[in-house]
Amino acid sequence: MSGAWVLLGVSRFVIAAVPHARFARLLGRDLATAPAVPVVSPAQVARARTVCRAVARASAATPWESACYPQALTAHVLLSATRVPHATCFGVRREAESAELKAHAWVMAGPVAVSGGDGFADHATVRTYLWGRVPHAL
5 MSGAWVLLGV SRFVIAAVPH ARFARLLGRD LATAPAVPVV SPAQVARART VCRAVARASA
65 ATPWESACYP QALTAHVLLS ATRVPHATCF GVRREAESAE LKAHAWVMAG PVAVSGGDGF
125 ADHATVRTYL WGRVPHAL
């Protein structure tokens, strides 16, 4: 967990200090608005679940807010380090009560919602970055 905890802090700093366009290419291939997830092996599913648990535990233990964006960047780094193909996604949804747009970030590795839940279910995808193999469209 300590590695994920440190990465959450680094991710939070990067988000605040570096424009997204400067580090977006590190997230993988830009698929624009295509909602897609990569194919993963059973062993990679197991590693993705381990990363999911590590990010969730670490984010619960930070003294700062660890919202979806730093969690997604942390999950991306950990999945990349363990060679698990994944999609880092950004989306928006309109709040029913206020009609304001809410942004969200999530990471999918095959069937595993590694961070941010399955954002495809209730968010319009505005950007998807693929790290790894060619995706299957949803």
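Going left to right, the sequence shown walks through residues 5 to 142 as my numbering numbers them.
Where a beta carbon is used, it is the ideal one built from N, C-alpha and C, also for glycine.
All figures in this text were calculated on a predicted structure; none of them were measured in a lab.
When secondary structure is reduced to three states using DSSP, L134 falls in the strand class. Judged by DSSP in its simplified three-state form, A36 adopts coil rather than helix or strand. For T78, the enclosing alpha helix (DSSP H) starts and ends at 72-85.
Between the beta-carbon of L30 and that of T132 there is about 15 Å, and that puts the pair past the 8 Å contact cut. The C-beta separation of P42 from L134 comes to about 6 Å, placing the pair in contact by the 8 Å criterion. In the structure shown, W9 falls within a helical segment according to DSSP collapsed to helix, strand and coil.
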